Structure formats: structure tokens, C-alpha cells
Amino acid sequence: MAEITDITLTKRGRYALFIDGEFAFSVDDETLVENHLKKGKILNDDDISAIRGQNDYRYAKQQALKLLSYKDYTSQMLVQRLIQKEIDEDSAVRAVKRMEELGLVNDLDYAMRCSRDLMNLKSWSTNRIKMELKRRLVPEYAIDEAIAQFDELDPEPKIAKIILKKYFRDLDTPKGKNRAAAGLCRLGYSPGQVFAVISNLLDDPDYYNEHDI
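Have a look at this one:
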């Protein structure tokens, strides 16, 4: 058994619990009230563990909401971010699960929106998008569905549009051709696709008509 020997208000508005004369941990006001914590209260090990767990979970939820107010996260990205804030893994996972239940975290929705932005705004290939979604810890099922929305898209018109906009002026020189190929490969397109488009454009700049691109 252990006794709460003191409770002091911290600069952050939390309450520092001192058990048997030593600082144990700090709690928020809700945890303090809900558990009737006061000086002289006797606690056993299970009591202390439950109070700490309740407090850590509530703090994890508060931090998750704060992070989500700035930007979207995948579930695993948010768990890792909470752990970086020195929140224990169990509390972080439980908090993110609650965010999912509230509809504030949705891996599939995140993957669909992110992949469309990368395709439309950055002109990335599906391979490059897939790699980026993996880097953002999107689960495989969500990656597969996100990439599937582009299954019927022919990449060549998009490659042609980029080349015509950025590289066409010098495309008939070896240096210009290599520069275009390097630029498109950085976006994730295969060399075979890129050089096929370059060849078609050199033969006929209108090979890919306006409707296609």
C-alpha cells in the first residue's frame, strides 16, 4: 500500500502526485476528480497502475487531437508521432483507435486523397506514389485501393505533357533527351516508357493530341 503525501499544481496546469514522499507522476484535473485523489489517500499497486493508465490515455487523446488540428495523419504515423512525445505505445494505439472511431483518422481516405494530389499536382507515376504511401505507413489494403483508381490511365499522355511543358525545346539533342529522361525517371516513370514517348514526340510533336493530354 502507498499513501498520497502531497499534490501540487504544476506550471502546465497539471497536478503532481507525491506518493510516500516521492514524486510519482502528474495527472490532469479530470483524472484527479474522477479518482478522488487527495492528500492522505491510500492506494495499492493496481490503483496506481489504473490511474496512470487512465491519465496517459486521456493525455494521448489530447495530443492526438492537437496534432490532427494541424494536418492529416495515417494511423501508424500518428502512433509514431505520439510515441515521439514520450507517450507509451499502448496509450498511443488506444488514442489513435479512438480517433478512427470518431472519423478523424481514415487510412483509406488518406491514401485516396494523397495519391490523387501526387498524381495531379506533382505528376508522379503510380510506382512513385506507391513508394510514398508506404513511406507514410499507409496499410497495404489502402495502397492497393488508391493505386487501383489509376489502373485504366495510360501513363504516356502524362509523360508527353510533362516533356512538352519542360523539356521539348532541347529534346532533339542528346543532352536534352537525357535531361528529359532523368527528370521523368525521378517522377517514377520507367526509362522504357519515357524513351518511347520521346521517340513519338520527335517523330510527331502532335502524336499525343490535346484530348489525350
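Residue 1 is where the sequence shown starts when you use the working numbering, and the numbers rise one by one after that.
Even for Gly, the Cβ is constructed at its ideal location relative to N, Cα and C.
In this text, all values refer to a predicted model and were calculated from it rather than measured experimentally.
| Asked | Found |
| --- | --- |
| Pairwise C-alpha distance: Ala148 and Lys61 | 33 angstroms |
| Own chain, CB closer than 8 angstroms to Lys166, minus 5 neighbours either side, in chain order | Ala180 and Gly183 |
| Beta bridge counterpart(s) of Asp47 as assigned by DSSP | Asp47 is not bridged to any residue. |
| Coil, strand or helix - Thr126 by DSSP | helix |
| Own chain, CB closer than 7 angstroms to Glu86, minus 5 neighbours either side, in chain order | none |
| Where the alpha helix (DSSP H) containing Ile162 begins and where it ends | Pro155 to Lys166 |
| CA nearest to the CA of Ser49, picked from Val27, Lys66 and Leu65 | Val27 |
| Backbone CA spacing between Asp29 and Glu100 [nearest angstrom] | 26 angstroms |
| Pair within 8 angstroms by beta-carbon distance, Leu67 and Arg81 | yes |
| Val138 burial status per 10 Å Cβ neighbour count (16 or more: buried) | buried |
| One or two residues paired with Ala181 in a DSSP bridge | Looking at the DSSP assignment, Ala181 forms no beta bridge with any residue, so it has no partner. |
| Stretch pair the segment 155 to 164 + the segment 190 to 210: three plus CB contacts closer than 8 angstroms | yes |
| Residues of its chain near Gln76, where Cβ-Cβ distance is below 6 angstroms and the 5 sequence neighbours each way are ignored | Leu137 |
| Test item: CB-CB of Leu201 and Ala160 under 8 angstroms | yes |
| Beta-ladder partner(s) of Ser26, from DSSP | Ala16 |
| Environment of Gly13 [buried if 16+ CB atoms lie within 10 Å] | exposed |
| Of the residues Tyr15, Asn127 and Glu22, the one placed nearest His36, counting alpha carbons only | Tyr15 |
| Rounded C-alpha distance that separates Asn178 from Tyr70 | 41 angstroms |
| Sequence-distant residues of its chain with Cβ nearer than 7 angstroms to Asp56 (five each side left out) | Ile87, Asp88 and Ser91 |
| Other residues of its chain near Glu185: CB distance less than 7 angstroms, five sequence neighbours each side excluded | Just to set this straight, residue 185 is Cys in the shown sequence, not Glu. The answer, listed in chain order, is Pro191 and Val194. |
| Within 8 angstroms, strictly: CB atoms of Tyr189 and Ser125 | yes |
| Unbroken beta strand (DSSP E) run spanning Glu3, endpoints | Ala2 to Leu9 |
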